[in-house]
């Protein structure tokens, strides 16, 4: 007796509409797109050449990967340059350097959010020079870096160039009371401020009161710090319409 077997075939990915394919590819991580997806076929290569594919770049959770930091930096710079100045959001863990910041600054005229976690190769000077070229920044998150000298240069640059800033997370940073006051004076739209673990801050009663009155969501130096905070979604309520998720495209 012959048994007829029914062969089930999956959908032909090349038959999908271009916008659907683009949406699927954007759900991959930056590393996967740069190193694999763009090489699958001419169509995917063409889609991945679109600068709008690179408006958001996320490279984190990398401890289990086989790439070294230099390779990750090259992958990241490749993605940044593909954005052709359409980059809006970037989220990096561990491998960030001053050279990477230069690449971001040179291609980030539209950058609105920057998040660097545990990037020990970033210096005060490197970060200060980079943010001078990023006037559209609305959100800054930087933690566990070498920004450890008591210096308000970064605070002054933020104050003078980022009047539209609404979210600033610099826990463990190096600003003093003078830098904090400058930010409060020049960033009227600031709604979230995390200055926990900042060793050079010594808030007077009046300065603490001003922070409380002016900032809707405030984390003071003596607030309890949880390590899990460094991985929280740092989207503000105003961004709900963007459906922004800091861990995916």
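Numbering (the UniProt record's numbering), first residue to last: 1 to 249.
Beta carbons are placed, not taken as given, at the ideal position from N, Cα and C, and that holds for glycine.
- Taken through DSSP and simplified to helix, strand or coil, residue 177 comes out as helix.
- Across the structure, residue 105 and residue 131 are spaced so that their CA atoms are roughly 7 Å apart.
- Comparing C-alpha distances from residue 77 to each of 102, 64, 66, 47 shows the shortest one belongs to 102.
- Per DSSP, residue 55 lies in no beta strand (DSSP E) and is assigned neither H nor E.
- Between the C-alpha atoms of residue 90 and residue 203 there is a straight-line separation of about 32 Å.
- Take the alpha-carbon of residue 223 and the one of residue 198: they are about 11 Å apart.
- Taking the Cβ atoms as the reference, residue 114 lies roughly 15 Å from residue 94, outside the contact range of under 8 Å.
- Rounded to the nearest angstrom, the Cβ distance from residue 176 to residue 152 is 6 Å, consistent with a contact under 8 Å.
- According to the DSSP secondary-structure assignment, residue 140 is paired through a beta bridge with 114, 168.
- Between the alpha carbons of residue 171 and residue 196 lies a gap of roughly 5 Å.
- Here residue 186 has 159, 160, 163 as same chain residues with Cβ atoms under 7 Å from its own Cβ, once five neighbours each way along the sequence are excluded.
- Of 51, 63, 100, 129, the smallest CA-CA separation from residue 84 is found for 51.
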